[in-house]
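All remarks here apply to the structure that follows.
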Amino acid sequence: MTALLFAQRRTGPEFSTALTAIPGRAMAHDGNDGKGVPQGDFGFRPKQWDCLDRPSDDSDSISAAYGLALDHVGDGVMVADMRQRGHPIVKVNAAFEAITGYAAAEAIGKNCRYLQGSDRLQPEIAEIRTALTEGHACSVTLRNYKRDGTMFRNALRLVPHRDASGQITHCVGLIRDVTCASGVDRLTGLLDRYGLLDRLASINVAAGSAVLLLKLDIMRFHDVNNGFGYDIGDALLRAVAGRLATMPSVALARVGTNSFTLAFELGDAERAADMVDDVLSLLQPRFILPGAALTTQFAAGYTVGSIGSDPLQLVRQAAAALQRSKAVASHPPHRFAAADERDASNRIRLANDLQAAIPNEELLLHYQPQVDLHSGNIVGAEALLRWNHGVFGLQSPSRFIGVAEETGAILDIGAWAMRTVAQQATRINDGRHTPIRFSCNVSVLEFTRRDMVAFVEQVLAETGCRPEWLTLELTESLMMPEPAEVLRVFRDLRGLGVEISIDDFGTGYSNLRYLERFPLTEIKIDRSFVRNVVHSPAKQVIVESIIKLGGVLDIRVVAEGIETDAELSVMRSLGCSVGQGYLYSHPLDITAFDAFIKDHAIPRDQAQQGRLLTMLNDNRASHTAGLPE
Numbered sequence: 083m084t085a086l087l088f089a090q091r092r093t094g095p096e097f098s099t100a101l102t103a104i105p106g107r108a109m110a111h112d113g114n115d116g117k118g119v120p121q122g123d124f125g126f127r128p129k130q131w132d133c134l135d136r137p138s139d140d141s142d143s144i145s146a147a148y149g150l151a152l153d154h155v156g157d158g159v160m161v162a163d164m165r166q167r168g169h170p171i172v173k174v175n176a177a178f179e180a181i182t183g184y185a186a187a188e189a190i191g192k193n194c195r196y197l198q199g200s201d202r203l204q205p206e207i208a209e210i211r212t213a214l215t216e217g218h219a220c221s222v223t224l225r226n227y228k229r230d231g232t233m234f235r236n237a238l239r240l241v242p243h244r245d246a247s248g249q250i251t252h253c254v255g256l257i258r259d260v261t262c263a264s265g266v267d268r269l270t271g272l273l274d275r276y277g278l279l280d281r282l283a284s285i286n287v288a289a290g291s292a293v294l295l296l297k298l299d300i301m302r303f304h305d306v307n308n309g310f311g312y313d314i315g316d317a318l319l320r321a322v323a324g325r326l327a328t329m330p331s332v333a334l335a336r337v338g339t340n341s342f343t344l345a346f347e348l349g350d351a352e353r354a355a356d357m358v359d360d361v362l363s364l365l366q367p368r369f370i371l372p373g374a375a376l377t378t379q380f381a382a383g384y385t386v387g388s389i390g391s392d393p394l395q396l397v398r399q400a401a402a403a404l405q406r407s408k409a410v411a412s413h414p415p416h417r418f419a420a421a422d423e424r425d426a427s428n429r430i431r432l433a434n435d436l437q438a439a440i441p442n443e444e445l446l447l448h449y450q451p452q453v454d455l456h457s458g459n460i461v462g463a464e465a466l467l468r469w470n471h472g473v474f475g476l477q478s479p480s481r482f483i484g485v486a487e488e489t490g491a492i493l494d495i496g497a498w499a500m501r502t503v504a505q506q507a508t509r510i511n512d513g514r515h516t517p518i519r520f521s522c523n524v525s526v527l528e529f530t531r532r533d534m535v536a537f538v539e540q541v542l543a544e545t546g547c548r549p550e551w552l553t554l555e556l557t558e559s560l561m562m563p564e565p566a567e568v569l570r571v572f573r574d575l576r577g578l579g580v581e582i583s584i585d586d587f588g589t590g591y592s593n594l595r596y597l598e599r600f601p602l603t604e605i606k607i608d609r610s611f612v613r614n615v616v617h618s619p620a621k622q623v624i625v626e627s628i629i630k631l632g633g634v635l636d637i638r639v640v641a642e643g644i645e646t647d648a649e650l651s652v653m654r655s656l657g658c659s660v661g662q663g664y665l666y667s668h669p670l671d672i673t674a675f676d677a678f679i680k681d682h683a684i685p686r687d688q689a690q691q692g693r694l695l696t697m698l699n700d701n702r703a704s705h706t707a708g709l710p711e
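And the structure:
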């Protein structure tokens, strides 16, 4: 719409009517096209408007305005001199400083690759190198690093500038931080799962080459978050991302809370296992973080194939292989096999079938004896959950507990298990001069989602089980979130007379100070410290330290996984009083366990002499046993 300014004056030689456009707005002049003095009565024109008809030759003002614009745009701008050795940066704008954290004085004189840090194996760098050599523009997205070391995704556009003779004199780089853009993980700056699929679909693999897709999980990552705080957990994720970024991958993504995926182009598919070993070796050294130093274990699953038209298939295969790695105690890297896909399908079916396991009476408990290492007398039993699936047969906890926790079925399963253990403890200890302690595993999930004190009181009342016959076995991670609240619940449980055991001691990230603060009655030395302890002086020192610590804190120490006479001998010599393992017995169903107890009955006079009591008890009047999941 044309904006008009009207000025009225009387008709006559001194006055006329003018119709004039406001500066910057379009208007039509009657018969004049806006040039010169209008014809007829349109002769009025302020003198200061004459400049509007003249082209400006104020080049300094234009340059200043242009520079002002550059300093206020959101994208970073840098200019590199291609005529100088090393192609140094000669100019950056304010947005460059804000995005990278580097002041202009720090950036000028450097080659722009300093933003890549040591992350020089990105495939996009080769594309940049080719563009600069051939003298054409290019656009890539790189992992770059700010002054404080934080990774960011840099959508970089490089444009060469030529002089009048056609020679390239400078290169202009436009920088945009797209870390928070779609397809990018905000925390690490890596691709997310959607960005990974897009990247895989765009990869052109040379003829005869294959693609290795590797998926990694940080094991027990929730322990880091709970034990040290989410800031340390985030720092660990960034540190892992930083190390992985140094590998020559064609794609790198964070695809879950603690999961990463890498893709490599392999000329020789037989090198896949070696490449996976290289990645795991890179992650093996301790991570030095602000406020913590962590040695972290990774599970790894991988597959080798061609991307084709469906990269999601490779992603699924790597994920299925990862599940197989996680199912093994030592979490060795596992290459995808057809059986893994069947296992993944079975896992989904297990989740559905698990909902009916209790009403169909498919759950049962096996009991592994816990014995006095010096006398061989039975002093306790660990209740181990089993699932007798109608199709897949007898399933160990490692096959379904994770699924039960994911689906929430663990709440009903845990309640059933505790009631069953309490019932068996009542039946077996009825009339026994020296009772047997029975331990029942408690998931962190059920401990935090139900009122455990009220529930245990209810179970004891329903079954007639005495509290000292029951031990709740937990993992170290339970003591980490909200320790004040957990401490209160522990104290209330101990007030009931129920014992509390910490399983797999020494394998988590918890603070040893928890052992002093929490009213524990038992800690169990993880079987990884018992295995081959005969030939490992380091393990012997660790075990002896735990045993002495337990003695000082008045906490019973139990050694898990004793399988040989030599291991038994070492445990005895180090002062451990209680143990369990295949050397004594495999886990037994209730019928076989009853028979085992009868075969190892303790003579009444021995019990009266108190030999058994000496080794087991601190100042607790009753001696009862129990163990974990």
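Each residue of the sequence shown is one higher than the last, beginning at 83 in our numbering.
All residues carry an ideal CB built from backbone N, CA and C; glycine is no exception.
Whose C-beta lies closer than 8 Å to the C-beta of residue i among residues of the same chain, with five residues either side of it excluded?
i: Asp274; result: Gly265, Val266, Asp267, Ala335, Arg336, Val337
i: Ala772; result: In this structure the chain extends from 83 to 711, so residue 772 is not present and cannot be described.
i: Glu423; result: Arg398, Gln399, Ala402
i: Asp316; result: Leu269
Would residue i pass as a contact of residue j if the rule is Cβ separation under 8 Å?
i: Arg573; j: Glu544; result: no
i: Ile257; j: Val332; result: no
i: Ile584; j: Ile605; result: yes
i: Glu216; j: Val287; result: no
i: Glu642; j: Gly663; result: yes
i: Gly472; j: Glu444; result: yes
i: Asp157; j: Ala177; result: yes
i: Asp454; j: Val660; result: yes
i: Val174; j: Val159; result: yes
i: Gly579; j: Glu550; result: yes
i: Ile300; j: Gly373; result: no
i: Trp469; j: Ala433; result: no
i: Leu554; j: Leu575; result: yes
Could you pull the start and end residues of the alpha helix (DSSP H) that residue i belongs to?
i: Met500; result: 492-511
i: Glu423; result: 420-436
i: Glu528; result: 526-531
i: Arg609; result: 609-612
i: Val615; result: Segment: none, Val615 is in no alpha helix (DSSP H) and carries neither H nor E.
i: Ser583; result: Here Ser583 belongs to no alpha helix (DSSP H); instead the beta strand (DSSP E) covers 581-587.
By the DSSP assignment, the beta strand (DSSP E) with residue i in it spans what residues?
i: Leu554; result: 552-557
i: Phe521; result: Note that residue 521 corresponds to Ser in the displayed sequence, not to Phe. Residues 519-523.
i: Ala641; result: 638-641
i: Thr212; result: Careful: Thr212 lies outside any beta strand (DSSP E), inside the alpha helix (DSSP H) at 205-216.
i: Ser221; result: 220-227
i: Gln477; result: 475-477
i: Thr673; result: From DSSP, Thr673 is part of no beta strand (DSSP E) but of the alpha helix (DSSP H) over 672-681.
i: Tyr449; result: 445-454
To which residues of the same chain is residue i closer than 7 Å at the C-beta, ignoring the five residues directly before and after it?
i: Ser525; result: Glu487, Ile492, Gly496
i: Gly168; result: Asn193
i: Leu203; result: Thr328, Met329, Pro330
i: Asp115; result: Only weak support is given to the placement of Asp115: the predicted model assigns it a pLDDT of 45, under 50, and the value that follows is read from those uncertain coordinates. Around Asp115: no qualifying Cβ.
i: Ser407; result: Ala381, Ala382, Gly383, His413, Pro414, Pro415, His416
Using 10 angstroms around the beta-carbon of residue i, count the other beta-carbons present and answer buried if the total reaches 16, otherwise exposed.
i: Arg514; result: exposed
i: Val640; result: buried
i: Thr779; result: The structure shown does not extend to residue 779, since the chain is modelled only from 83 to 711, so the question has no answer here.
i: Val293; result: buried
i: Pro451; result: buried
i: Pro242; result: buried
i: Glu598; result: exposed
i: Glu352; result: exposed
i: Arg368; result: exposed
i: Asn236; result: buried
i: Thr223; result: buried
i: Ser363; result: exposed
i: Leu150; result: exposed
i: Gln690; result: Any reading at Gln690 must be qualified, since the residue scores a pLDDT of 38, below 50, and its modelled position is unreliable; the value itself is stated next. The residue in question, Gln690, is exposed, as its Cβ has fewer than 16 Cβ neighbours within 10 Å.
i: Ala499; result: buried
Within its chain, find whatever has a CB closer than 6 Å to the CB of residue i; leave out the 5 residues flanking it on each side and keep chain order.
i: Cys547; result: Ala504, Ala507, Thr508
i: Val161; result: Val172, Lys173, His252, Val254
i: Ala263; result: none
i: Pro205; result: Val332
Measuring only between beta-carbons, confirm whether residue i sits less than 8 Å from chain C.
i: Arg429; result: You won't find chain C in this structure, because it holds only one protein chain.
Beta strand (DSSP E) runs contained entirely in the region 248-305, provided each spans 3 or more residues: 250-259, 292-300
Residue ranges of each beta strand (DSSP E) within the region 143-189, 3 or longer: As far as the region 143-189 is concerned, its whole beta strand (DSSP E) runs of at least 3 residues are 158-163, 171-174.
Within the region 328-366, ranges of the beta strand (DSSP E) (whole runs, at least 3 residues): 333-338, 341-348
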